Each structure stands twice: as structure tokens, then as C-alpha cells.
Amino acid sequence: MKLVVVQVLLIVVVAVVAARLFRSRGARAQAIRRLGVLAFAAFAVVSIIFPDVWTRLAHVFGVGRGTDLVLYGLVVAFLSFTVTTYLRFRDLETRYTRLARRIALDEAEVRGRLEGGPEH
Amino acid sequence: MNTSRQVDTSGVWLVIPLYNEAAVIGDVVTRARSVFPQVVVVDDGSADDGAEVAREAGAVVVRHPVNLGQGAALQTGFEYVRSRPDMEWAVTFDADGQHQTDDVLAMLEKARAEDLQVVFGSRFLDDRTTPSLAKRLVLRAAVGYTNLTTHTRLTDAHNGLRLLRRDVVERIDITQNRMAHASELVEQIGAMDVRYAESPVHILYTDYSRSKGQSLWNSVNILVELILR
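So the protein sequences, as listed, match chains A and B. Mapping of the first sequence onto our numbering: residues 1 to 120, in sequence order. Mapping of the second sequence onto our numbering: residues 1001 to 1229, in sequence order.
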């Protein structure tokens, strides 16, 4: 029964993270991501000092082993990384496209003028 | 190579995205210009000399410094023809010779007669075009998805032949650089609440066009590009 709970929870988390990263950009989303990274780092330190902290936490959630919990967390982190990276690349591509288009149109205009007016 | 019909084509600009098709582009431009003198070829960073060939055939050439994709090339073409005050209609036309100028004339007449702002070409309104079964399935799925997600009812969403009136061209903003631009175009036109219709077109599936045609895999890519944006 506890397994179902953790499964539902993880699925919800995956969906929410994906949806949030899908929909929102800007300062707030960036801040949330940075806080997430910070929490992740802090927790990593804690788990180095107290190695069995993951296992205890896993038991709280009803997961068998600590490693499993880490794996689930990693899946969520990786998913969000994939989505944000994709979106960031798309943003970059949009800007790059505008730049290239501007160059292309300007060049065509100069050439058109050199060849004497709009009709060539 | 004159057509029997007498249609005023003075305000029409053909927009032809070009990518590595030097072998056929000269012919395509020459033939198109016999009916529609104003042609802009957007060379999408081709590695061959297609841009030069198109220029010699009498087209205006706008050249992307790097390869961006067909959707980006179309948008560049739209932005170019917007800068031409004489442009009343823009036609998106393929570089590989699969489109017919006669079909464009029919679309233009239809648009003028029925006061339409957009005319989409469709392969499925008559039986001149015979795509393979696999291709038919992909196209059907694509149009189903497009109709489902946009405010349009079309029979062929991924047809490269379209006629757009100036006021529509001015509002189009394609951001999907790659294959999903066809759906994006339909979506934007659907959201504009303009008068549109479809007109039957004949797509020539030559060996040349078939050798570089869209595969089934491409439809997966289109879907992902549409969902993740």
C-alpha cells in the first residue's frame, strides 16, 4: 500500500516538475531551479556525513532501500534537466535564426540596390 | 510555355525555400517565372551552387548564412515579400518541381472569386495525386492532429502549396524552424479567423522528390516539435 503512495507521489512530482519547466521561464523559475540545486547539494553533504539518512528517509516514504529513493530523485532531476536544456536550446535557436535572417535580408537588399532598383 | 488562362499575376510573389537542389532549381524557377515573374528563392545555406543557378534563372535570392530549416526559410521569404510594396499575394512553392503553376492559377482565381485570404493546396480533393499507402497514412494522421489542435477543417495539412493574401502574410510568424512549420502555419491562420478554403493540387512524385521525401520517422519528429515548445 505504501508503494502505491510513493508511486503516485513520484508520478505527481514528475508531472509537476515537467509542467512547471514546460510553462514557466524567467526569474521565478530560475530561482526555483537554483534553490533546488542548493537543496540537492546540501542534502548530498548530509548524506555523506550520515550515509544511512537515505535509507531512513526511504522507509518514511515506504521505499525499500535508500538507493532506490536516490534513483527516483535522479530520474526526476534528469527529466527536468532534459526539458530545460531542450527549451534553452530552442530559445537560443530562435535568436540565432533572427540574426541569420536579418543578415540574409540585409544582404539581399544591398544586392538588389547594387543591381539597380527593385527590378533586376 | 504560356498558359491558356488569362489571369493577372502581377501582384503575386512565389516564395521558394531551397536547400541543396541545384540540380532542379533552375528549371523550376524558369518554368514558374513564365507564369509568375516575381520569385524569391530563399537559399537555406545550401552547400551547392543552387543560389547562383536560381539567380541566373531570374529569381531574387535571399541567402541564409547557415542552414536553419525549411520553416525558417519560409519565414524569411515572407519577410522579404512583405518589404515589396507590390506584393498582394504570396505563394509557398517547393523547389523540387513537384508543384504546378496551373494549380497556383486555379488557387488565385478561386481566392479572387470567393474573396478568400488563404487557399491551401490539397492532394486529397481529387485523384490526380497518388501517394504511397504509408505516405497517405502519415498525411492523414498529420491532418487529423492539426484539425484536432487548431480551429481549422482541412483535408491535407502538410501541403507545401499555399496562397496567402498580403494581410495574412504580414501576420504570419513561423517559429518552428524544421518540419513542424506546416502545422504551425495552419494553426496561426486558424487563430486569425480569416476566410480560407482548399483547392485541389497535383503533386508530382518524381523519383527525385521521392528520394528525399519525408519518412514515417519524420512524423514522430514533427509531433515532438509541436508538443515541446
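Ideal Cβ placement from N, Cα and C applies to all residues, glycine included. Just so we're clear, the structure is a prediction, and the values are computed from it rather than from any experiment.
The alpha helix (DSSP H) with residue i in it runs from where to where?
{"i": "Gly36/A", "result": "Ala27 to Ile49"}
{"i": "Gly1077/B", "result": "Gln1070 to Arg1082"}
{"i": "Ala1197/B", "result": "That residue, Ala1197/B, is in no alpha helix (DSSP H); its beta strand (DSSP E) goes Tyr1196 to Pro1200."}
{"i": "Val63/A", "result": "Counting along the chain, Val63/A falls outside any alpha helix (DSSP H), and DSSP gives it neither H nor E."}
{"i": "Ala1111/B", "result": "Thr1101 to Glu1114"}
{"i": "Tyr1145/B", "result": "Leu1133 to Thr1149"}
{"i": "Leu1185/B", "result": "His1181 to Met1192"}
DSSP state of residue i, grouped into three classes?
{"i": "Thr1003/B", "result": "Confidence is the limiting factor: at Thr1003/B the pLDDT is only 48, short of 50, which leaves the residue's position unreliable and the question unanswerable from this model."}
{"i": "Leu1014/B", "result": "strand"}
{"i": "Ala1047/B", "result": "coil"}
{"i": "Arg102/A", "result": "helix"}
{"i": "Val1224/B", "result": "helix"}
{"i": "Val1066/B", "result": "coil"}
{"i": "Arg90/A", "result": "helix"}
{"i": "Ala1090/B", "result": "strand"}
{"i": "Leu1163/B", "result": "strand"}
Can you name the residues of chain A whose CB is closer than 7 angstroms to the CB of residue i?
{"i": "Thr1175/B", "result": "Thr94"}
Can you tell me whether residue i is buried or exposed? The criterion is at least 16 other CB atoms within 10 Å of its CB, across all chains shown.
{"i": "Ile1227/B", "result": "exposed"}
{"i": "Phe81/A", "result": "exposed"}
{"i": "Glu115/A", "result": "exposed"}
{"i": "Trp1217/B", "result": "exposed"}
{"i": "Thr158/A", "result": "The displayed coordinates of chain A run from 1 to 120. Any statement about residue 158/A would go beyond what the structure contains."}
{"i": "Val1104/B", "result": "buried"}
{"i": "Leu1014/B", "result": "buried"}
{"i": "His1064/B", "result": "buried"}
{"i": "Val5/A", "result": "exposed"}
{"i": "Leu35/A", "result": "exposed"}
{"i": "Pro51/A", "result": "exposed"}
{"i": "Thr94/A", "result": "exposed"}
{"i": "Ala1090/B", "result": "buried"}
{"i": "Glu119/A", "result": "Summary for Glu119/A: the model assigns pLDDT 49, below 50, so the residue's position carries little reliability, and this model does not support an answer."}
{"i": "Gln1098/B", "result": "buried"}
{"i": "Val1172/B", "result": "This sequence places Ile at residue 1172/B; Val is not what is there. The residue in question, Ile1172/B, is buried, as its Cβ has 16 or more Cβ neighbours within 10 Å."}
{"i": "Ser1199/B", "result": "buried"}
{"i": "Ala41/A", "result": "exposed"}
Would you kindly report the start and end of the unbroken beta strand (DSSP E) that includes residue i?
{"i": "Gly1026/B", "result": "No beta strand (DSSP E) holds Gly1026/B; the alpha helix (DSSP H) holding it covers Ala1022 to Arg1033."}
{"i": "Gly1121/B", "result": "Val1118 to Ser1122"}
What residues of chain B sit near residue i, judged by a beta carbon separation below 8 angstroms?
{"i": "Ala104/A", "result": "Val1042, Val1062, Arg1063, His1064, Pro1065 and Thr1076"}
{"i": "Gly66/A", "result": "Chain B residues near Gly66/A: none, gap ~33 angstroms exceeds 8 angstroms."}
Applying a beta-carbon distance threshold of less than 7 angstroms, which residues of chain B neighbour residue i?
{"i": "Val42/A", "result": "According to the sequence displayed, residue 42/A carries Ala and not Val. Residues of chain B passing the Cβ test: none, with the nearest at roughly 31 angstroms."}
{"i": "Arg130/A", "result": "One cannot answer for residue 130/A here, as it falls past the ends of chain A, which runs 1 to 120."}
{"i": "Ala15/A", "result": "By Cβ distance, chain B contributes nothing, its closest Cβ being about 14 angstroms from Ala15/A, past 7 angstroms."}
{"i": "Ala100/A", "result": "His1064, Pro1065, Val1066 and Leu1068"}
(request) Below 8 angstroms between beta carbons is the criterion; list the residues of the stretch 1060–1085 of chain B that meet it against any residue of chain A, in chain order. (result) Using a CB distance below 8 angstroms, the part of the stretch 1060–1085 of chain B facing chain A consists of Val1060, Val1061, Val1062, Arg1063, His1064, Pro1065, Val1066, Leu1068, Ala1072, Gln1075, Thr1076, Glu1079, Tyr1080, Ser1083 and Arg1084, ordered along the chain.
(request) Below 9 angstroms between beta carbons is the criterion; list the residues of the stretch 72–97 of chain A that meet it against any residue of chain B, in chain order. (result) Going along the stretch 72–97 of chain A in chain order, one finds Val83, Tyr86, Leu87, Arg90, Glu93, Thr94, Tyr96 and Thr97 with a Cβ nearer than 9 angstroms to chain B.
(message) For the stretch 29–56 of chain A, list every residue whose C-beta sits within 7 angstroms of some C-beta in chain B, in sequence order.
(response) Within the stretch 29–56 of chain A, no residue has its Cβ closer than 7 angstroms to any Cβ of chain B.
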